[in-house]
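Here the sequence shown is numbered in the working numbering, starting from 4 and rising by one per residue. These notes are about the structure you will find just below.
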Amino acid sequence: MCDDYTKVLETHNNTVLPPPTGLIRNNRSVKLPESKSASSISLGFTVRGPSAPLSAPLGSSVVLPCYADEALPVEDLEVEWRRADSETLIHLYQDGESRAEVQQQDYHDRAHFFTEEIQHGNFSLRLDKLRAQDEGNYTCRVFIQQYWRNCCSDKKRLFVSGSNHLESAYVGEDVTLNCSVDSHITPEHIEEVSWMKTDKDGDFLVLLGRVEFFTAEIPKGNFSLRLKSVRTEDKGVYMCQVFAGDLSANATVVLERLGFTVHGPSAPLSAPLGSSVVLPCSVDEALPVEDLEVEWTKTDTETLVHLFQDGESRAEVHDRAHFFTEEIQHGNFSLRLDNLRDEDEGEYRCKVYSQLEHAETVVNIKDVERLLVSGSNRPAVAYVGEDVTLNCSVDSHITPEHIEEVSWRKIDGDEDILILIYQNNETSADVGDEHFRGRVEFFTAEIPKGNFSLRLKSVRTEDKGVYMCQGFAGGASANATVQLEQLV
4 MCDDYTKVLE THNNTVLPPP TGLIRNNRSV KLPESKSASS ISLGFTVRGP
54 SAPLSAPLGS SVVLPCYADE ALPVEDLEVE WRRADSETLI HLYQDGESRA
104 EVQQQDYHDR AHFFTEEIQH GNFSLRLDKL RAQDEGNYTC RVFIQQYWRN
154 CCSDKKRLFV SGSNHLESAY VGEDVTLNCS VDSHITPEHI EEVSWMKTDK
204 DGDFLVLLGR VEFFTAEIPK GNFSLRLKSV RTEDKGVYMC QVFAGDLSAN
254 ATVVLERLGF TVHGPSAPLS APLGSSVVLP CSVDEALPVE DLEVEWTKTD
304 TETLVHLFQD GESRAEVHDR AHFFTEEIQH GNFSLRLDNL RDEDEGEYRC
354 KVYSQLEHAE TVVNIKDVER LLVSGSNRPA VAYVGEDVTL NCSVDSHITP
404 EHIEEVSWRK IDGDEDILIL IYQNNETSAD VGDEHFRGRV EFFTAEIPKG
454 NFSLRLKSVR TEDKGVYMCQ GFAGGASANA TVQLEQLV
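Given below as structure tokens:
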């Protein structure tokens, strides 16, 4: 029969009490009073702790004493510091070295052995940057492993560490849930590592297809999980559980969803005057409509452009701006702005509210293509009795259905005589001055091309003068003039 002897010496040698009352600011302290047992004796050696309470100012360093009466063989030595109230691993000395990688994250870079002193039996711990939450009971355990070499092997213990803080992610983002297995156990000796979501009715495996390990990191004991395209329902507690031989251990990670991300266009928008433009605004995942509010505003004036509230589009706000109502349930909050005007240029904000969270994006309409009306750069000439064409062209990026009005007027001297008008997609010839009635017309077939030239028939002597072609679209206007010179 062979035996595996392990001396386990434990001393609850440091207990932390609340700070003394009445101390303020820099005088606040953390006090560690005397424990019930200042030392522990087993199988031939003693581990000792402090003989009196410890006290130190917040933010300072404190040494938690733990030492043996005699030096112990380092090659068979393991020293473990834990919080007695939560069994949180504060620090570990194992396999002849300090194992900072398995510390609970809260104590990383704050808890330190006096490494050179360990060989002399001093296992004290220095705790830096003392915090109020460091109050509590601390345990220093010392393990010496002795065994018959011909039949027994070292008894290893399994350590699994996660994260001491909440992990957070926005809907649609990827997030890493940390899990590290003590690297003295090689991957080939690890039988199973599983990730479970534990905050529902019983444990269940997280959804496949969106999760993966960092394969290249596994040989280092890193079994962290990448969860892709986070969803609202992913929020909760996850457990990383490890099995190796007859050992098992686990660590938990809490995933807290901060909110959602609102996406807009990657570049400014440009559109013709008088046309329609879509201002993109969407989220990666549908939000519940009953708790949803979407607000579009023009940021330079804080003008409310449109609003979705209480499950419906509030059309009374604006008659040129429209949601794609059926798409809202799918997370699409884009806005269609009709009959684009010159003053519509600028920055727009799409702000989305859902329950207690909100997010926003901005959209820029950088270039509203201007209304351009061009005439002729030289006078038109005609003989009495002939027909003459007075040129007028409206920039062809504006289609006729978006042109509100094109009118021809004679503006010579003090005159301002309406001759012909194109309005509501049709020509109104009977509103012009009687002097020109029946003698003027558009080239109807050319209007779709932006050609609003005027044919003046049977030129008379009194027709000589300056004519103006004026166009209106999207609240803007432009004009061009033509000089008619009658020769004889």
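Quick reminder that beta carbons are idealized off the backbone N, C-alpha and C, glycines included.
{"query": "Among LEU228, LEU423, ASP137, LEU393, which residue has its Cα nearest to the Cα of ALA59?", "result": "ASP137"}
{"query": "So, at 7 Å on beta carbons, what are the nonlocal neighbours of GLU194 in its own chain, with the 5 sequence-adjacent residues on each side left out?", "result": "PHE246, ALA247"}
{"query": "Contact between the stretch 225-234 and the stretch 321-336 is defined here as three or more beta-carbon pairs at a separation below 8 Å; is this criterion met?", "result": "no"}
{"query": "Which one or two residues does DSSP pair with LEU230 in a beta bridge?", "result": "VAL178, VAL214"}
{"query": "Pick out whichever of ASP294, LEU272, ARG442 has its Cα sitting closest to the Cα of VAL391.", "result": "ARG442"}
{"query": "Using the C-alpha atoms, what's the distance from GLY453 back to PRO403?", "result": "7 Å"}
{"query": "Looking only at its own chain, which residues have a Cβ that is under 8 Å from the Cβ of LEU75, when we skip the five neighbours before and after it?", "result": "PHE48, GLY124, VAL145, ILE147"}
{"query": "What did DSSP end up calling HIS405 once you bin it into helix, strand or coil?", "result": "helix"}
{"query": "Identify whether HIS192 lies in helix, strand or coil by the three-state DSSP scheme.", "result": "helix"}
{"query": "Starting from ILE424 and walking both ways along the beta strand (DSSP E), at which residues does that stretch end?", "result": "420-426"}
{"query": "In whole angstroms, what separates the C-alpha of ASN482 from that of LEU459?", "result": "19 Å"}
{"query": "How many Å lie between THR447 and ALA270 at the Cα?", "result": "39 Å"}
{"query": "Hey, would you say GLY262 sits closer than 8 Å to TYR173, going by beta carbons?", "result": "yes"}
{"query": "Which runs of the alpha helix (DSSP H) spanning at least 4 residues fall entirely within the stretch 71-144, listed in chain order?", "result": "118-121"}
{"query": "Do the CB positions of GLY474 and LEU374 come within less than 8 Å of each other?", "result": "yes"}
{"query": "Do you know whose CA, among ASN342, VAL82, VAL292, lies nearest TYR356's CA?", "result": "VAL292"}
{"query": "I think SER251 touches LEU161, with their Cβ atoms under 8 Å apart; what is that distance to the nearest whole Å?", "result": "7 Å"}
{"query": "Report, in whole angstroms, the separation of the C-beta atoms of GLY277 and ALA476, which I expect to be a contact under 8 Å.", "result": "4 Å"}
{"query": "Are there 16 or more other CB atoms within 10 angstroms of the CB of ARG440, so buried, or fewer, so exposed?", "result": "exposed"}
{"query": "For TYR386, is the classification buried or exposed, using 16 other Cβ atoms within 10 angstroms of its Cβ as the cut-off for buried?", "result": "exposed"}
{"query": "Just to confirm my understanding: we take GLY478, look at its own chain, exclude 5 residues before and 5 after, and list those with CB closer than 7 Å. What are they?", "result": "ARG344, ASP345, GLU346"}
{"query": "Among VAL485, GLU363, GLY212, which has the Cα closest to the Cα of VAL286?", "result": "GLU363"}
{"query": "Please confirm whether LEU282 and LEU340 have their CB atoms less than 8 Å apart.", "result": "yes"}
{"query": "If you draw a straight line from the C-alpha of SER379 to the C-alpha of CYS395, how long is it?", "result": "7 Å"}
{"query": "Output the distance between the C-alpha atoms of ALA289 and LEU295, rounded to the nearest integer angstrom.", "result": "10 Å"}
{"query": "Here's a check: name, in chain order, each residue in its chain whose Cβ is nearer than 7 Å to the Cβ of ASN225, leaving out the five neighbours to either side.", "result": "SER183, PHE217"}
{"query": "Figure out for me which residue from ARG85, VAL214, SER197, PRO190 has the closest Cα to the Cα of ASN220.", "result": "A small correction: the amino acid at residue 220 is Glu; Asn does not occupy that position in the sequence shown. Ranking the options by Cα distance to GLU220, first place goes to PRO190."}
{"query": "Measure the C-alpha to C-alpha separation of MET242 and GLN107 and round it to an integer number of angstroms.", "result": "15 Å"}
{"query": "So, helix, strand or coil for LYS520, using DSSP?", "result": "Because the chain spans 4 through 491 in this model, residue 520 falls outside it and cannot be assessed."}
{"query": "Per DSSP, PHE336 is paired with what?", "result": "Paired residue(s): none; PHE336 is not in a bridge."}
{"query": "Less than 7 Å between C-beta atoms, sequence neighbours within five positions excluded: which residues of the same chain meet that for ASP466?", "result": "LEU459, LEU487, GLN489"}
{"query": "Report all residues from its chain with a CB closer than 6 Å to the CB of MET471; omit the five preceding and five following residues, and keep chain order.", "result": "ARG412, ILE414, ASN482, THR484"}
{"query": "How many whole angstroms separate the CB atoms of ASN181 and SER171, which I take to be in contact at a CB cut-off of 8 Å?", "result": "That pair is no contact at about 13 Å."}
{"query": "What residue range does the beta strand (DSSP E) around PHE475 cover?", "result": "468-476"}
{"query": "For THR447, which three-state DSSP category applies?", "result": "helix"}
{"query": "Mapping DSSP to helix, strand and coil, what is SER480?", "result": "strand"}
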